[in-house]
Amino acid sequence: MKKSHYAILSILFIWNNISAQVLPSNKQVQWQQMETNLFAHFTVNTYTDKEWGDGTESPNIFNPVNFDAHQWVKAAKEGGFKMIILTAKHHDGFCLWQSKYTNHSVKNSPWKNGKGDIVKEVSDACKEAGLKFGVYLSPWDRHETTYGTDKYNDYYKNQLRELLSNYGEISEVWFDGAKGENAKNMQYDFQGYWDIVHQLQPNAVLFSDIGPDVRWVGNEKGFAGETCWSTITTDGMGIGKADEKYLNTGDANGKSWITPECDVSIRKGWFYHESENSTVRTPQNLVDLYYKSVGRNGLMLLNIPPNRAGLFDETDVNAIKEFRSILTETFANNLAKGKAIYSLSDNKLSTAITLKENQIWELNFKQTVQFNRISLQENIAKGQMIESLSIQYWNGVSWQNLSNATTVGYKKLLKTNLIETNKVRMKIHKAKGTVSLAEIGFYKASDRE
Ligand code: FUL
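In my numbering, the protein residues as written are 979 to 1427.
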């Protein structure tokens, strides 16, 4: 082959590698860095003790006499959550705001004599406290009579426009894929819905089973796969009929960047039921979920259902407070700080070192340290590269195997036995391209974990 042919071939090879890299948008990177968000499921179900209302509920039953959005927001802040996503409308069709397009809403409830607006109060309280606010607007609607016809798409779009126009910044819109019997003939115009979001709230992140911005994690238990790629290929998949296992682990060769959101309830159900008060997760259980969601390259979306009075229950509030306090204690002291190069422990994704396949990275602590948690982060703005790695520690005589991992992505948290050592090393075994390693941390977990 002529020299010039080699040159063309290598250019093609490099171009192919570059074009194969799937990168997140800026807003996707920002979104994932929030790590933990709150979901609030609230509607007539709270008063009927159901999980799915059938749409025949009277608005008369909705009366949260002590409703106080500030109480929700204070709890969210104390729990270290960055956004509240509210069910503005669940499958029963009851609207928590004064929609012009239906009577099935707070305007026909006794609450505040029909003058109240839950969406407004929660979004205002979030803004005041510096929290982001998102809305869940169920496509499946069991009350609206146009449902099942194309007219319903107009109804849905009108409601979406109301929510996206009248409540300031909306940071996420949650498109739930659930649908039941009466939904068979309904063809949702998802593309049309998304166009409206893009037009009215261009910074909002769009959730559905398959994105376009963030995806479902494939279960409602709150955990991502141990191997978890932000990339998937959505060809041939639909909302409400996606392959759950595929969504859970993602796809190393996926064509689109659509990180998983791990939705899970702090209680057995999504809505408040007094009979489920004993099912509130313990702080330790929530910490475990954090390791299995955020620590596996996902985002944790924890649901706290307000009770009939319109407040978060005290047990739930205490659980999230303690959850955050444990996490803060565990991750307070990065033993690599001042030992590894500065950019690896400065809590910034954008300052990173580059590593290649088979390259070994070593850290000398200069004194003996004790740790049982490891945290790794890639600078995801440059893509997700690590496919497998291993970590070893020095026992004074030789290197000992400590931990193996597959993907890292935004964050990987590893639990190990309590190790006493003065040196560790990490080897990237397989990577899709040059790794941009942003952060590395070694910690001793709180005794309360
Ligand atoms: C599901 C719904 O059917 C549940 O009621 C809940 O809203 C959950 C987050 O999504 O698809």
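Every residue gets a Cβ at the ideal spot worked out from N, C-alpha and C, and that includes glycine.
From this set, the options, which residue's C-alpha is nearest residue i's C-alpha?
i	options	result
G1158	R1120, F1168, V1242, T1346	R1120
E1427	E1239, K1129, S1414, L1267	L1267
K1078	R1139, F1349, F1020	R1139
W1194	N1181, Q1179, G1228, D1173	G1228
T1384	E1365, S1376, D1294	E1365
T1065	Q1337, L1115, L1333, L1415	L1115
W1172	N1197, K1135, Q1165, F1201	K1135
M1404	I1282, Q1348, N1325, A1318	A1318
T1014	N1336, F1349, L1305	L1305
F1059	K1299, S1381, F1309, K1344	K1299
S1143	I1062, N1131, Q1179, L1380	Q1179
S1087	E1122, G1232, E1035	E1035
G1090	D1102, T1080, G1374, L1074	A quick correction: the sequence has Lys, not Gly, at residue 1090. Per the Cα distances, L1074.
D1241	E1252, L1264, A1230, S1003	L1264
G1419	N1379, I1369, K1410	I1369
K1162	S1253, F1153, F1168, T1127	T1127
I1188	D1102, N1255, K1410, E1222	E1222
Q1337	L1391, I1406, G1361, K1246	I1406
A1182	S1353, Y1388, F1153	F1153
K1129	V1000, S1353, Q1165	Q1165
N1160	E1122, N1197, V1192, P1037	E1122
A1330	D1132, N1342, Q1049, G1361	G1361
G1112	F1072, D1132, V1175, E1307	V1175
M1012	A1018, D1046, A1054	A1054
N1395	V1386, C1206, S1381	S1381
T1260	P1284, R1286, D1294, K1233	D1294
G1387	K1098, K1085, F1185, P1238	P1238
Rounded to whole angstroms, how far is the Cβ of residue i from the Cβ of residue j, which I believe are closer than 8 angstroms?
i	j	result
G1033	D1070	5 angstroms
P1042	G1214	With 8 angstroms as the limit, P1042 and G1214 do not qualify as a contact, their Cβ atoms being about 43 angstroms apart.
T934	W1372	The question about residue 934 has no answer, for the chain in this structure spans 979 to 1427.
S1428	N1275	A question about residue 1428 goes unanswered here, because the residues of the chain that appear run from 979 up to 1427.
W1235	Q1006	6 angstroms
A1359	S1328	7 angstroms
I1039	T1026	7 angstroms
M1278	E1150	M1278 to E1150, Cβ: 14 angstroms. No contact.
A1220	S1271	About 18 angstroms separates the two Cβ atoms, so there is no contact after all.
G1247	E1056	Actually they do not touch by this definition, with Cβ atoms about 23 angstroms apart.
N1281	F1017	4 angstroms
A1314	L1341	6 angstroms
M1363	K1422	About 29 angstroms; that fails the 8 angstroms criterion.
At least one CB of chain D closer than 8 angstroms to the CB of residue i: is that the case?
i	result
Q1362	The displayed structure is made up of one protein chain only, and chain D is not part of it.
Mind listing which residues have their beta carbon within less than 5 angstroms of any non-hydrogen atom of ligand 1? Chain order is fine.
D1154, A1156, W1248
Report the start-end ranges of each beta strand (DSSP E) in the stretch 1046-1097 that is 3 residues or longer and not cut off at the edges.
Runs of beta strand (DSSP E) with 3 or more residues, each lying fully within the stretch 1046-1097, are found at 1061-1067, listed in chain order.
Mind listing, in chain order, the continuous beta strand (DSSP E) runs of no fewer than 3 residues lying wholly within the stretch 1188-1235?
1192-1194
Unbroken alpha helix (DSSP H) runs of length 4 or more, entirely within the stretch 1257-1292: which are they?
The stretch 1257-1292 contains these whole alpha helix (DSSP H) runs: 1261-1271.
Quick one: complete beta strand (DSSP E) runs, 3+ long, within the stretch 1391-1423?
1413-1421
Ignoring anything shorter than 4 residues, give me the alpha helix (DSSP H) runs that lie fully in the stretch 1288-1326, in order along the chain.
1292-1308
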